[in-house]
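A.B. asks:
In the numbering used here, the protein residues as written are 7 to 317.
Written as structure tokens, this is what we have:
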């Protein structure tokens with residue numbers, strides 16, 4: 007099959023488009039014909055070797071953890087899905103090798119859920135990793151509820167925009183940090199935008215003089231410290247970017263595949279509660295350009311790679 011792969015860590019230029027061996031389908035997996043795969047910052051961080059201490063690479067590595075596609079063959083003990091089912095998945099394993107930037111991926115059942123019927127394949131591909139991250143932080147770690155005031159950082163990005171929507175669905179008031187060019191976008195999602203950078207604490211306090219009930223840090227460092235300072239008495243703090251949050255009494259969250267959580271996101275998407283904004287799409291052979299764009303850190307919503315099957 008055709009795929010994107012790399013044989014060693016490095017910049018976007020290490021990504022190669024070409025033939026790789028077809029994936030083998032284990033008993034607890036299904037073979038998915040990939041229609042679209044989203045780009046996430048963790049993809050290029052893995053490619054650069056930043057997760058080498060956590061995940062062993064088995065070269066050549068096919069990058070990508072997000073997928074939307076169609077089941078073409080269930081494994082021997084995978085009755086959950088049938089041929090022709092449209093699915094989404096956060097296909098992360100405990101090593102780097104069999105990713106989703108390919109024509110096909112063998113996806114463990116525990117990583118999959120039905121695709122939202124009202125989303126395109128491109129939109130649906132952007133839901134799993136970002137949606138699970140937002141859901142597991144906002145709903146499980148921070149336990150955002152009706153009447154809360156919540157601060158979400160990088161609120162126009164893939165994770166942040168979904169966190170805003172989940173917060174609003176819970177009945178919370180959401181304050182979101184973003185560049186000024188994304189403020190109207192945040193207002194459309196129901197958030198109150200503030201510009202990040204110097205003076206952030208004062209700008210948030212002008213909107214929430216008594217502090218915020220919960221803060222979702224996606225950046226770390228000074229942003230994490232500012233978030234802790236902005237908490238009201240008894241406020242909750244979570245970060246996906248900086249383990250120092252534990253020393254501040256908060257939660258450090260690394261998203262995990264969870265079929266039940268992913269199914270809940272599918273339900274919320276079909277109810278119109280959450281949607282995915284696709285900023286730009288690239289064909290599979292231009293995955294390196296998609297990585298370059300993601301590395302700039304200015305994406306509104308998601309960047310998606312599409313797969314054109316000639317058959």
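Positions of the beta carbon are idealized from the N, C-alpha and C atoms, including for glycine.
Going by the CB atoms, is the gap between residue 308 and residue 131 shorter than 9 Å?
C.D. replies: Yes, Cβ-Cβ distance for residue 131 and residue 308 is below 9 Å.
A.B. asks: Say whether the region 201-211 touches the region 137-145, bearing in mind that this needs 3 or more beta-carbon pairs closer than 8 Å, one atom from each stretch.
C.D. replies: No, they do not touch.
A.B. asks: Contact defined as beta carbons within less than 8 Å: I believe residue 159 pairs with residue 224. What is the distance between those atoms, to the nearest angstrom?
C.D. replies: Contact holds; Cβ gap of about 5 Å.
A.B. asks: Residues in its own chain within less than 8 Å of residue 24 by CB, not counting five upstream and five downstream?
C.D. replies: Within the same chain, residue 24 has close Cβ partners 8, 9 and 11.
A.B. asks: Entirely within the region 135-180 and at least 4 residues each: give me those alpha helix (DSSP H) ranges in chain order.
C.D. replies: Taking only runs of at least 4 residues, the alpha helix (DSSP H) segments lying wholly in the region 135-180 are 164-175.
A.B. asks: Is it right to say residue 19 is buried, meaning 16 or more other beta carbons lie within 10 angstroms of its own, or is it exposed?
C.D. replies: By the neighbour-count rule (16 or more Cβ atoms within 10 Å), residue 19 is not buried but exposed.
A.B. asks: Could you tell me the alpha carbon to alpha carbon distance between residue 228 and residue 36, rounded to whole angstroms?
C.D. replies: Rounded to the nearest angstrom, the two C-alpha atoms are 43 Å apart.
A.B. asks: Use the C-beta contact count for residue 4: other C-beta atoms within 10 angstroms, 16 or more gives buried, fewer gives exposed.
C.D. replies: Absent from the model: residue 4. The displayed extent of the chain is 7 to 317, so no value can be given.
A.B. asks: Sort out for me which residues DSSP pairs residue 257 with in a bridge.
C.D. replies: DSSP lists 244 as partners of residue 257.
A.B. asks: Can you tell me whether residue 127 is buried or exposed, with buried defined as 16 or more other CB within 10 angstroms of its CB?
C.D. replies: Per the 10 Å Cβ criterion, buried.
A.B. asks: If we require 3 or more residues per run, which beta strand (DSSP E) segments fall completely within the region 88-118?
C.D. replies: Taking only runs of at least 3 residues, the beta strand (DSSP E) segments lying wholly in the region 88-118 are 92-96, 101-104 and 110-114.
A.B. asks: Could you check whether the region 94-105 touches the region 62-74, counting it as contact only if at least three pairs of C-beta atoms, one from each stretch, sit closer than 8 Å?
C.D. replies: Yes: at least three Cβ pairs fall under 8 Å.
A.B. asks: In angstroms with no decimal places, state the Cα-to-Cα distance between residue 21 and residue 167.
C.D. replies: For residue 21 and residue 167, the distance between alpha carbons rounds to 29 Å.
A.B. asks: Could you check how far apart the C-beta atoms of residue 96 and residue 290 are, in whole angstroms? I think they sit under 8 Å.
C.D. replies: Rounded, the Cβ-Cβ distance is 19 Å, inconsistent with contact.
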